[in-house]
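K.L.:
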Amino acid sequence: AQAAAVERAVVAWFHLEAGDEERLAKITTGALKHLKWLARKWETRTIVLHSFAHLAETTAAPASARTFMEEAAARLLTAGYTVHTTAFGHTHRLELAIPGPSLAKVFKSF
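When the letters of the sequence shown are read in order and numbered with our numbering, they come out as residues 1 to 110.
1) State the DSSP-derived secondary structure class of A12, mapped to helix, strand or coil.
2) In this structure, what does DSSP give as the bridge partners for V6?
3) Please confirm whether H84 and T46 have their CB atoms less than 9 Å apart.
4) From A3, G19, E7, A25, pick the residue whose C-alpha is nearest to that of F68; which is it?
5) Just tell me which of T58, A5, V11, V6 has its CA closest to the CA of L49.
6) Taking DSSP as the reference, what is the three-state secondary structure of L49?
7) In three-state DSSP terms, what is T78?
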């Protein structure tokens, strides 16, 4: 695996739960609006998408999470953002330095 450094970016950790497949288009649109809003607040055009599975009782099929990531990345690229994605389905070692203002760590459910 190759290490990469990305600076001044919005880093989105996303997880899809069972049942999200039926609402994937709506979830994707909502997430993109939120990510663009955060990017404007931080005055950046760089977004990192990272898929993970948290300890929820149910998770969506991996194919749905991959579809979300690919669709979100494509739409962000079309809108003029620089997009980075972590390798799907792999274990990662991520080092983050997060500034202190209240928008540094945001949770959003769609």
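The C-beta atom is built at its ideal place from N, Cα and C for all residues, glycine as well.
Bear in mind the structure is a predicted one, so any value in this text is a computation, not a measurement.
P.N.:
Result, derived from the coordinates:
1) strand
2) None, per the DSSP bridge assignment.
3) yes
4) A25
5) V11
6) strand
7) helix
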